[in-house]
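Note that the protein sequences, when read in sequence, are chains A and B.
If you count the first sequence from 1, position 230 lands on 230 in the numbering used here, and the numbers rise without skipping.
Position in the second sequence (from 1) plus 1000 gives the number in the numbering used here.
Glycine included, each C-beta is placed from N, C-alpha and C at the ideal position.
These notes are about the structure you will find just below.
There are 2 protein chains.
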Amino acid sequence: VTDSSTPARSLRLKLAYDGTAYGGWQRQLNCVSIQGLLETAFQRVTGERVSVTASGRTDAGVHALGQVASCNTNSSLTPDALRRALNASLPSDICILTVQEAPANFHAIREAVQKRYRYQIRTGQNRDVFARHYAWQIWHELDLEKMREATQHLIGRHDFRSFQTSGSQRKTTVRTILDLTLQGERTDFGQRITLEVEADGFLYNMVRNIVGTLVEVGRGKQTPSWVSEVLAARDRRRAGPTAPARGLTLLHVTYPW
Amino acid sequence: VTDSSTPARSLRLKLAYDGTAYGGWQRQLNCVSIQGLLETAFQRVTGERVSVTASGRTDAGVHALGQVASCNTNSSLTPDALRRALNASLPSDICILTVQEAPANFHAIREAVQKRYRYQIRTGQNRDVFARHYAWQIWHELDLEKMREATQHLIGRHDFRSFQTSGSQRKTTVRTILDLTLQGERTDFGQRITLEVEADGFLYNMVRNIVGTLVEVGRGKQTPSWVSEVLAARDRRRAGPTAPARGLTLLHVTYPW
């Protein structure tokens, strides 16, 4: 027996989006959000007013290749028919990659156990016109080896309070960084630098604050070991600036099933 | 003695641009052109009204990583100072990569001896949100091996009249394709296909018409040897459709010096 107030199915959606045009994931007044467009598409396709929850609320300008969202529905459409119909109702900078049946009341935030982000940087005197929405353009060369040395202080279980932008309310600021890599590639005009970081959770702006801090080291303004002092201080004012949103992409979210 | 009517210097500019927002290279009424923005930037920086000539007039939506342009100037700024000042006056989707002194009256069209283009395709049921301005999205899988077999008929010196969009007036439609490669990469959702082609010159829409023709083969609508029939017919109506502009990027232009 199905109670009409309890939607019959729980769904897990995997999404890619170019965040350039949006005010972020979260539905809000005065700007277009990815959540808002998705919920509107759902209503158009199924007639239901659903609430779609993402693994995390990406900020304005932040991108995703593997955002995960949950929602409950009474629709009888197959997962693949839903994917196709929703994609047909969404703009070309948002795409639902997969729709899967999920355990009852699957919740994309609460059940996420790990996330992986990418941050892209370009250096050199010429801007990369194709990366202008997807990378932080820095005019000076960065010392990649020094930055790599600095990352060693961040890997593992630490209190990352120094890397949390204030305004967020979390019970604990302790997180475990499981992987943190920096790849560099030389081009005719500078460097393409890609940071990837995986953790059991991230504080607000944590990746962007880590990147801003590592860039201080890469520019030679600070030594690699300064990063361990920043970490120990547990004070946001000690870390580097927040790197721009456009360089950040949510790559992957891991769930226990 | 310098005649004031003869500009003292000839310059060679190498440019990258994202063509998405523009009506193409050529200055025209009713839309913004790359040539127009460049000439306006020149006037702002040097006070001169210069005419900038590109190696070829890329169409609306076509991109460049290595467009070359020529112009004459009386400015006394160094090439590097000019590059920096012009870039500061240009929008973020256009970048002058290098400025070099050129032989007197260097002409970017007449002196070009080879050009290299790239064309990008994505296949699969999900659109690639980050490639929406840079690739042709095709919903069906393509048979890359059959497409490669078809390219063999096009390499070398041929009359490419079948691959020329009408309206262009060229003395001869014979061109030599020096290199034509197709690279494929599988992703979770489909294929990323990159065609690169180098020739001693290209007819109007020649790359896009070649791509549209090869895609007919890749989709199984035509056999690889059909391409040699199309070539022999010297009739545009025999070839495939013109591939969309957004997949095309001018990579490189070769000059004898």
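Taking only beta-carbon positions, decide if residue i is within less than 9 Å of chain A.
| i | result |
| --- | --- |
| serine 1166 of chain B | no |
| phenylalanine 1160 of chain B | no |
| aspartate 1200 of chain B | no |
| histidine 1252 of chain B | no |
| arginine 1084 of chain B | yes |
| histidine 1063 of chain B | yes |
Compare the C-beta of residue i against all C-beta atoms of chain B and say whether one is closer than 9 Å.
| i | result |
| --- | --- |
| valine 99 of chain A | no |
| isoleucine 96 of chain A | yes |
| asparagine 72 of chain A | no |
| threonine 2 of chain A | Caution is warranted here: a pLDDT of 46 is assigned to threonine 2 of chain A, below 50, making its placement in the model unreliable, and the coordinate value is therefore given only provisionally. Cβ-Cβ to chain B under 9 Å: no for threonine 2 of chain A. |
| proline 79 of chain A | no |
| proline 241 of chain A | no |
Which residues of chain A have a Cβ atom closer than 7 Å to the Cβ of residue i, listed in chain order?
| i | result |
| --- | --- |
| arginine 1127 of chain B | Ser92 and Cys95 |
So what does residue i bridge to, in DSSP terms?
| i | result |
| --- | --- |
| tryptophan 1136 of chain B | B/Ile1121 |
| arginine 1175 of chain B | B/His1158 |
| threonine 249 of chain A | A/His63 and A/Arg118 |
| threonine 1073 of chain B | B/Arg1009 |
| glutamine 1191 of chain B | B/Arg1186 |
| isoleucine 96 of chain A | A/Leu15 |
| glutamine 1028 of chain B | B/Cys1031 |
| threonine 1181 of chain B | B/Glu1196 |
| valine 68 of chain A | A/Lys14 |
| alanine 102 of chain A | A/Ser10 |
| alanine 1054 of chain B | B/Ala1069 |
Handout entry: Under 9 Å (Cβ pairs) to chain D, residues found in the segment 28-61 of chain A
Key = This model lacks chain D altogether; the protein chains it does include are A and B.
Exercise for the section: Determine which residues of the segment 1004-1027 of chain B have a Cβ less than 7 Å from any Cβ of chain A, and write them out in chain order. Expected result: Only Ala1016, Tyr1017 and Asp1018 from the segment 1004-1027 of chain B bring a Cβ to less than 7 Å from some Cβ of chain A.
Practice task
Give, in chain order, every residue of the segment 1104-1123 of chain B whose Cβ lies closer than 7 Å to some Cβ of chain A.
Solution key: For the segment 1104-1123 of chain B, which is checked against every Cβ of chain A, not one residue is closer than 7 Å.
Exercise for the section: Using a Cβ-Cβ cut-off of less than 8 Å, give me the residues of the segment 176-208 of chain A that come near chain B, in sequence order. Expected result: Result list: Asp188 and Phe189.
Exercise for the section: Check distances from the C-beta atoms of the segment 127-144 of chain A to those of chain B and list, in chain order, the residues that come in under 7 Å. Expected result: Cβ proximity to chain B below 7 Å picks out Arg127, Val129, Phe130 and Arg132 from the segment 127-144 of chain A.
Practice task
Evaluate the contact criterion for the segment 164-178 of chain A versus the segment 190-206 of chain A: three or more CB pairs, one atom per stretch, below 8 Å.
Solution key: They touch, by the three-pair rule.
Exercise for the section: Could you tell me whether the segment 155-164 of chain A touches the segment 236-249 of chain A, where touching means 3 or more Cβ pairs closer than 8 Å? Expected result: Output reads yes: the segment 236-249 of chain A touches the segment 155-164 of chain A.
Exercise for the section: Evaluate the contact criterion for the segment 92-102 of chain A versus the segment 1014-1028 of chain B: three or more CB pairs, one atom per stretch, below 8 Å. Expected result: In this structure the segment 92-102 of chain A does not lie against the segment 1014-1028 of chain B, because fewer than three pairs of beta carbons, one per stretch, are closer than 8 Å.
Handout entry: Meets three-Cβ-pair contact criterion under 8 Å: the segment 32-39 of chain A and the segment 117-131 of chain A
Key = Taking one beta carbon from each stretch, the segment 32-39 of chain A and the segment 117-131 of chain A have fewer than 3 pairs nearer than 8 Å; the two do not touch.
Practice task
Report yes or no: do the segment 96-103 of chain A and the segment 67-82 of chain A share at least 3 C-beta pairs separated by less than 8 Å?
Solution key: Proximity of the segment 96-103 of chain A to the segment 67-82 of chain A meets the contact definition, three or more beta-carbon pairs being nearer than 8 Å.
Exercise for the section: Count the CB pairs spanning the segment 1006-1013 of chain B and the segment 1068-1077 of chain B that are closer than 8 Å, and state whether there are at least three. Expected result: As far as the Cβ criterion goes, the segment 1006-1013 of chain B touches the segment 1068-1077 of chain B, which means the pair count is three or higher.
Handout entry: Touch test, the segment 1214-1222 of chain B against the segment 1139-1149 of chain B, Cβ-Cβ under 8 Å, three pairs minimum
Key = Counting Cβ pairs under 8 Å, three or more are found: they touch.
Practice task
Check whether the segment 247-255 of chain A touches the segment 180-188 of chain A, taking contact to mean three or more Cβ pairs, one atom from each stretch, closer than 8 Å.
Solution key: Per the Cβ contact rule, the segment 247-255 of chain A is not in contact with the segment 180-188 of chain A (fewer than 3 Cβ pairs under 8 Å).
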